[in-house]
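Just so you know, we're using numbering that gives the first Met the number 0 here: the sequence shown kicks off at 0 and counts up by one.
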Amino acid sequence: MTDNELLLAISDMMDKKLKPVNDRLKKIELTQENDILPRLQNIESCYSSTFNRYQSGVEQIEAIQDDIEIMKKVIQEHSLKLQNIS
């Protein structure tokens, strides 16, 4: 057997041995591309929209708190004025 024939035989053996590994790898890649990545994108989309809602909600709550503080001061002032009247 020549060196080339020996190398070819080794190459064929390696191809046969690696075929199951390559098949599994291809299946994993397809699962990742077709199943996992779309799900991750969906999760990311849901997370982002929820984050945006909460972020604007926090701003609204802060504005409401500011309004309540102003209302408290005005009510206290009016209460004092009413007590002084009566």
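Every residue, glycine too, gets a C-beta built ideally from N, C-alpha and C.
Rounded separation between residue i and residue j - CA only
i: Lys71; j: Leu39; result: 47 angstroms
i: Ser85; j: Glu76; result: 15 angstroms
i: Ser10; j: Lys16; result: 10 angstroms
i: Ile4; j: Pro37; result: Here residue 4 turns out to be Glu, not Ile, going by the sequence shown. C-alpha separation (whole angstroms): 47 angstroms.
i: Glu80; j: Ile63; result: With the sequence shown as reference, residue 80 is identified as Lys, and Glu is not the correct amino acid for it. Near 25 angstroms, if we compare the C-alpha coordinates of Ile63 and Lys80.
i: Val57; j: Glu32; result: 36 angstroms
i: Ile35; j: Leu24; result: 15 angstroms
i: Asn51; j: Asp65; result: 21 angstroms
Residue i in three-state terms, based on DSSP
i: Thr30; result: helix
i: Thr102; result: Limits of the chain in this structure are 0 at one end and 85 at the other, which puts residue 102 out of reach.
i: Ser78; result: helix
i: Leu10; result: A small correction: the amino acid at residue 10 is Ser; Leu does not occupy that position in the sequence shown. Helix at Ser10.
i: Ser55; result: helix
i: Ser48; result: helix
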